[in-house]
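> The numbering of the sequence shown is this note's numbering, which starts it at 1 and goes up by one.
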Amino acid sequence: MADEIRQALARLAEPVVPRPDPYQRLLVRVGRRRQRRMAVTCVAGLVAVAMALPVFGAAGRLTVTGVASSPPPAVGTYQPASRIDKPMVRQLLDSPTRGNLAGDKALIADIGRQYRTARAELLVDPTLDEVKVLLAHDAPGARTVVVAFLDDSHAVLRHGSGQAGASVPELLRKTGTPDEPQPLEPHVFYGRYSPVNGRHVADLTVGLAPAGCLVEASADGRIQPDGSVSRSWQVVSTDGFVVRGAGRATERWRFTCHGLVRYAGPAGGGLGVVSPTEAASPVSTAGARGSVNARLAATAVRDLRRELDGHGLIGSTPQVIWGGRLPDWVSGAPAAVLVNSCSADAGCAALLKTEAGPPSQPESGSPTDYWTATGRPDLVVVQVPGETGGVLVFGPESAVHVELLDRKGRKIASGRFDAGAGAVRIDPRQVVEVQVFDTDRRLLRTGATPNLGADFSQRLGEPTVWAW
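1) Going by CA-CA distance only, name the one from Asp104, Glu180, Ala109 and Ser281 that's closest to alanine 298.
2) Nearest-angstrom Cα distance between threonine 446 and valine 436?
3) In chain order, what residues of the same chain have a beta carbon less than 7 angstroms from the beta carbon of glycine 57, not counting five sequence neighbours either side?
4) Could you give the first and the last residue of the continuous alpha helix (DSSP H) run that contains glutamine 91?
5) Looking at valine 243 and threonine 144, is the spacing between their C-beta atoms short of 8 angstroms?
6) With distances taken from CA atoms, which of Asp440, Arg325, Ala219 and Ser414 is nearest serine 230?
7) Take alanine 279 as the anchor and find which of Asp303, Thr285 and Gly259 has the nearest alpha-carbon.
8) Excluding the five sequence neighbours on either side, which residues of its own chain have a C-beta within less than 6 angstroms of the C-beta of valine 147, listed in chain order?
9) Going by C-alpha to C-alpha distance, which of Ala413, Leu308 and Arg262 sits closest to tryptophan 468?
10) For valine 292 and lysine 86, what's the separation of their Cα atoms in angstroms?
11) Please state whether DSSP places alanine 294 in a helix, a strand or coil.
12) Return the residue from the list Val380, Glu403 and His401 that minimises the CA-CA distance to asparagine 451.
13) Is the beta carbon of glycine 323 sitting closer than 8 angstroms to the one on glycine 290?
14) Return the chain-ordered ranges of every beta strand (DSSP E) run that is complete within the region 104 to 142 and spans a minimum of 3 residues.
15) Taking the beta carbon of serine 360 as the centre, do at least 16 other beta carbons fall within 10 Å, making it buried, or is it exposed?
16) Which partner residues of glycine 265 appear in the DSSP bridge assignment?
17) Mind listing, in chain order, the continuous alpha helix (DSSP H) runs of no fewer than 4 residues lying wholly within the region 284 to 339?
18) Would you call asparagine 100 buried or exposed, if buried means 16 or more other Cβ atoms sit within 10 Å of its Cβ?
19) Per DSSP, arginine 376 is paired with what?
20) Can you give me the C-alpha to C-alpha distance between glutamine 79 and lysine 174, rounded to a whole angstrom?
21) By a C-beta neighbour count over all protein chains shown, 10 Å radius and 16 as the cutoff for buried, is serine 232 buried or exposed?
22) Grab me the residues of aspartate 369's own chain with a C-beta within less than 7 angstroms of its C-beta, minus the 5 sequence neighbours each way, in chain order.
23) Alpha carbon to alpha carbon, what distance is there between alanine 136 and lysine 105?
24) With a CB to CB cut of under 6 angstroms and the five nearest residues on each side skipped, what residues in its chain are close to glycine 221?
25) Which residues in the same chain as threonine 250 place their Cβ atom closer than 7 angstroms to its Cβ, once the five residues preceding and following it in sequence are excluded?
26) Looking only at its chain, what residues have a beta carbon closer than 6 angstroms to the beta carbon of alanine 346, apart from the 5 residues adjacent to it on each side?
27) For leucine 123, I'd like the list of residues in its chain whose CB is within less than 6 angstroms of its CB, leaving aside the five on either flank, ordered along the chain.
28) If you draw a straight line from the C-alpha of valine 339 to the C-alpha of tryptophan 329, how long is it?
29) Which residue's Cα is closest to the Cα of arginine 459: Trp371, Thr256 and Arg425?
30) For the candidate residues Ser95, Arg410 and Val402, whose alpha-carbon lies nearest to that of phenylalanine 417?
31) To the nearest angstrom, report how far apart valine 67 and proline 169 are at their CA atoms.
32) Can you tell me the Cα-Cα spacing of arginine 407 and valine 432, whole angstroms?
33) Please list, in chain order, all residues of the same chain as isoleucine 426 whose beta carbon is under 8 angstroms from its beta carbon, the five residues on each side excluded.
34) Check whether the Cβ atoms of glycine 245 and glycine 315 sit closer than 8 angstroms, and answer yes or no.
35) Count the other CB atoms within 10 Å of the CB of threonine 117; is the residue buried (16 or more) or exposed (fewer)?
36) Would the beta-carbon of leucine 128 fall within 8 angstroms of that of valine 156?
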């Protein structure tokens with residue numbers, strides 16, 4: 001009987017193994033992290049290889065570069081994977097393949113197979129042995145894919161795009177690797193530039209979120225006289241993704257997941273829709289007040305068109321309304337041009353462009369040589385570029401005096417007009433109302449400045465929402 005009991009206990013103990021020592025597990029993880037950091041440093045030269053078509057964006061919205069196809073990187077040179085530590089990230093990774101190619105099972109299997117084989121070239125840890133195709137889609141002029149490499153607790157995402165109908169090897173050649181490891185987010189935004197008639201334009205813009213998210217787009221935003229924006233929305237997808245080909249990035253996107261707006265902002269996550277190499281065409285300066293620099297006016301009109309497109313706004317053809325030189329208290333006293341575009345609802349987008357940006361660091365996410373604002377055709381208050389606080393006020397041509405008020409209605413600054421425009425030195429964040437007067441001190445115009453002290457991305461009337 002005793003022998004039978006011992007044998008039974010032995011059979012019960014066979015599958016039981018001791019739990020790993022937590023301290024030893026920690027040491028192993030630390031060692032792996034160090035090894036990965038060293039590997040990333042060693043392959044810095046490889047990840048700097050540029051793609052034939054520049055690609056911008058990713059979950060972390062950083063510029064990515066191309067994959068070095070030859071020679072292959074040394075064994076063990078990969079970027080550390082990110083921990084799957086957010087429920088919505090897990091939902092994204094658990095989502096089925098989306099896109100109009102998702103039904104092509106043979107193609108999806110081939111993409112997964114070839115991307116698995118190319119893990120080393122993509123700087124992906126070979127231990128991430130599960131490969132999921134999250135998106136496969138053909139847009140006009142482009143084919144794009146998003147692929148996840150993962151295990152139970154970590155993952156890495158990669159995306160690539162080629163011409164319409166591109167083969168899997170071509171997609172692999174055009175798949176980027178970030179300059180540094182990126183944290184996992186519940187969204188993937190990216191786009192692509194391609195050469196068109198001697199310049200580069202965005203011909204692909206992609207947004208991907210967990211399956212089941214509602215995606216809407218709007219391209220008809222109209223600025224109101226009070227600085228707000230009125231627009232309509234069209235449903236793009238109820239399955240969490242949007243892919244736009246050439247000419248369709250000039251809109252605003254809205255992603256709603258679990259009843260909450262997780263993103264609302266420019267298409268592609270605000271990554272830009274027009275190449276900075278686009279040349280500025282000459283524009284008419286007829287009717288503009290002051291002394292207008294024609295070259296500066298052309299670039300100002302170009303920049304305002306970009307802003308309108310990027311925010312999905314519509315309005316009149318941008319007009320040059322003022323030109324002159326800013327006061328000495330503005331660094332370098334640069335030449336400046338003011339342009340505007342007004343909607344049918346009488347609200348306007350305005351842009352003040354200076355001849356050269358100040359040497360100081362700009363506000364995060366903003367250009368160094370222009371600021372935007374909302375206003376009316378005959379009354380605009382826009383911040384002056386540079387560290388020195390100040391605003392430019394544009395009013396009726398007969399105006400000779402301006403007063404700026406704070407939120408309690410107190411006058412906090414005033415100034416003189418020349419040809420109905422003038423600059424005032426003041427912290428823009430304090431200004432909530434402007435009043436302009438004629439030579440007899442009669443009040444000509446008064447208006448609020450609702451977005452004057454806002455973040456640069458909000459100065460055209462709508463905040464960008466990031467709530468993932």
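Glycine residues also receive a C-beta, built at the ideal position from the N, C-alpha and C atoms.
Result, derived from the coordinates:
1) Ser281
2) 7 angstroms
3) With a pLDDT of 45 at glycine 57, under the threshold of 50, the predicted position of this residue should be treated as unreliable, though the coordinate-derived value follows. So the qualifying residues of the chain are Phe189, Tyr190, Gly191, Gly268, Gly269 and Leu271.
4) 87 to 94
5) yes
6) Ala219
7) Asp303
8) Tyr115, Val133 and Arg158
9) Arg262
10) 53 angstroms
11) helix
12) Val380
13) yes
14) 130 to 139
15) In this prediction, serine 360 scores a pLDDT of 46, lower than 50, which makes its location untrustworthy; no coordinate-derived value is stated.
16) Trp253
17) 294 to 310
18) exposed
19) Leu379
20) 18 angstroms
21) exposed
22) Lys353, Thr354, Ala356, Gly357 and Pro385
23) 11 angstroms
24) Val229, Arg231, Gly312 and Leu313
25) Ala219, Val273, Asp309 and Gly312
26) Pro225
27) Tyr78, Gln79 and Thr177
28) 22 angstroms
29) Trp371
30) Val402
31) Note that valine 67 scores a pLDDT of 40, beneath 50, so its modelled location is shaky; the value from the coordinates is reported in the next line. C-alpha separation (whole angstroms): 12 angstroms.
32) 6 angstroms
33) Gly389, Gly390, Val391, Leu404, Ile412 and Ala413
34) no
35) exposed
36) yes
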